[in-house]
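Visitor:
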Amino acid sequence: STIVLVFEAPLNFDFKITNNQKVKYGEPMGTV
Amino acid sequence: VKTKTEAVRKSRRRYVWFIIPLGFGSGLYFYNKVADVERKVTLYRKMPLKAISRLWGKVNQMDLPVFLRKPLIGLYIWMFGCKIDEAEIEDLQHYKNLGEFFRRELKPNVRPIDLDHQVTSPADGKVLHYGEVTSGYLEQVKGVTYSLKGFLGTTPEMAAVDDDNFQRNLLRNPENALYHCVIYLAPGDYHRFHSPTDWLIKHRRHFPGELLSVNPGVARWIEGLFNFNERVVYTGEWEHGFFSMTAVGATNVGSIKIYCDEALSTNMVKKHPAGSFLDEEFKIAVPIMKGQMLGEFNLG
């Protein structure tokens with residue numbers, strides 16, 4: 002199964018993840 | 008000079024006779040490779056994966072005799088590396104069947120919700136791809152794309168709009184950008200999902216679709232995989248404008264439950280016209296808080 006997020010954000014939105022990274026729910030993904 | 012020119016011509020002729028068969032041969036090789044992949048994809052898509060998934064779901068809804076619960080669920084834990092120490096109920100005999108174990112809850116506080124970042128992970132899993140959406144296309148894995156318009160679905164008014172303009176039309180503020188992130192949940196992962204931020208759900212679009220595997224290997228192989236599969240797209244708004252969260256089903260995991268949407272029922276239709284969907288407008292937008300448990304994937 003997969004979860005896909007698509008969202009609008011200002012251009013300075015900064016992802017805090019990398020491809021193939023293992024994540025747990027509640028962990029930071031990004032912020033403006 | 009004459010001898011030299013003749014030698015150059017001869018060498019060119021030899022070079023041409025070498026390069027033509029080589030080019031032709033490699034062209035044929037790559038054509039066969041592509042045709043072979045296409046044949047395999049067509050064959051794979053023809054497999055009765057929905058029927059298999061429904062059967063698998065029914066089998067796993069049947070209660071197991073108590074003495075079989077520990078060895079059978081234990082085998083699943085061993086095969087897929089589930090972290091049973093994180094589960095709210097560690098006693099395997101408590102789970103009546105594998106389906107119940109699959110949608111297990113976690114102990115409170117094993118997943119603290121980050122407060123410093125606006126978007127947090129909605130699930131336990133692996134990031135397949137993330138980044139800015141460009142020209143109306145999303146990436147399922149690096150280099151393999153699918154159309155945003157096909158993924159979210161369109162309306163009759165927007166059907167003629169090209170991919171780029173479709174993307175632009177979603178933005179509340181034209182100076183913003185559209186971002187995306189794909190998280191893959193492996194069979195052993197915790198299969199409930201949570202809200203990644205504070206937002207308002209305004210609309211649900213359910214695409215009854217196929218149940219192809221969403222394993223990263225298959226995602227690399229089948230372009231537009233997420234546009235074929237059964238999925239539920241929730242759209243609404245957050246602090247910065249448009250926000251959407253989609254649960255995509257997979258082989259043996261086509262049953263999606265959303266706690267604030269009891270009317271939703273997935274993997275029920277055997278046949279469906281390609282690209283068809285069912286819409287549900289929430290007359291009163293549903294406020295969802297960051298970290299709130301939103302739904303679950305189930306076997307079936």
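Each protein sequence line maps, in turn, to chains A and B. Numbering of the first sequence is given in our numbering, commencing with residue 2 and proceeding in unit increments. Numbering of the second sequence is given in our numbering, commencing with residue 8 and proceeding in unit increments. In this text, a Cβ means the ideal position worked out from N, Cα and C, and glycines have one as well.
Would you mind telling me which residues of chain A sit closer than 8 Å to Pro203 of chain B, beta carbon to beta carbon, in chain order?
Guide: Leu6, Met30, listed in chain order.
Visitor: If I'm right that Ser112 of chain B touches Glu95 of chain B with Cβ under 8 Å, what's the distance once you round it to whole angstroms?
Guide: The sequence given here places Glu at residue 112 of chain B; Ser does not occur at that position. At roughly 4 Å, the Cβ-Cβ gap stays under 8 Å, so Glu112 of chain B and Glu95 of chain B are in contact.
Visitor: Cβ of Thr32 of chain A within 9 Å of Cβ of Phe14 of chain A?
Guide: In this structure, Thr32 of chain A sits near Phe14 of chain A, with a CB-CB distance shorter than 9 Å.
Visitor: In chain order, what residues of the same chain have a beta carbon less than 6 Å from the beta carbon of Leu185 of chain B, not counting five sequence neighbours either side?
Guide: Val140, Gln174
Visitor: Give the secondary structure of Asn236 of chain B by DSSP, where H, G and I count as helix, E and B as strand, and everything else as coil.
Guide: Reduced to three states, the DSSP call for Asn236 of chain B is strand.
Visitor: With distance defined between alpha-carbon atoms, name the residue in B:Asn183, B:Thr152, B:Ile229, B:Thr12 nearest to Pro11 of chain A.
Guide: Closest by alpha carbon: B:Asn183.
Visitor: So, does the CB of Asn183 of chain B fall closer than 9 Å to a CB anywhere in chain A?
Guide: For Asn183 of chain B, the answer is yes, since a Cβ of chain A falls inside 9 Å of its Cβ.
Visitor: Touch check for the stretch 48-64 of chain B and the stretch 218-232 of chain B: three-plus C-beta pairs under 8 Å?
Guide: In this structure the stretch 48-64 of chain B lies against the stretch 218-232 of chain B, because at least three pairs of beta carbons, one per stretch, are closer than 8 Å.
Visitor: Compare the beta carbon distance of Val239 of chain B and Arg211 of chain B with 9 Å and say whether it is the shorter of the two.
Guide: Closer than 9 Å, so yes.
Visitor: Please check the pair Asp143 of chain B and Leu155 of chain B, which I expect to be a contact at CB under 8 Å, by giving their CB distance rounded to whole angstroms.
Guide: Here residue 143 of chain B is Gly; the residue named in the question, Asp, does not match the sequence. Indeed, because the Cβ distance is near 5 Å, the residues count as touching under 8 Å.
Visitor: How about Lys290 of chain B and Asn20 of chain A: are their beta carbons less than 9 Å apart?
Guide: no
Visitor: Find out if the Cβ-Cβ distance for the pair Phe87 of chain B, Gln147 of chain B is shorter than 9 Å.
Guide: no
Visitor: Could you work out which residues of chain A lie near Ala130 of chain B, taking near to mean beta carbons separated by less than 7 Å?
Guide: Ile4, Tyr26
Visitor: Among B:His201, B:Leu192, B:Ile229, B:Gly298, which one has its Cα closest to the Cα of Ser2 of chain A?
Guide: B:Leu192
Visitor: Is Met252 of chain B close to chain A, meaning its C-beta is less than 9 Å from at least one C-beta of that chain?
Guide: yes
Visitor: In the DSSP assignment, find the unbroken beta strand (DSSP E) run with Pro194 of chain B in it and report its ends.
Guide: Run containing Pro194 of chain B: none; DSSP gives neither H nor E here.
Visitor: Answer yes or no: does any C-beta atom of chain A fall closer than 9 Å to that of Asp169 of chain B?
Guide: no
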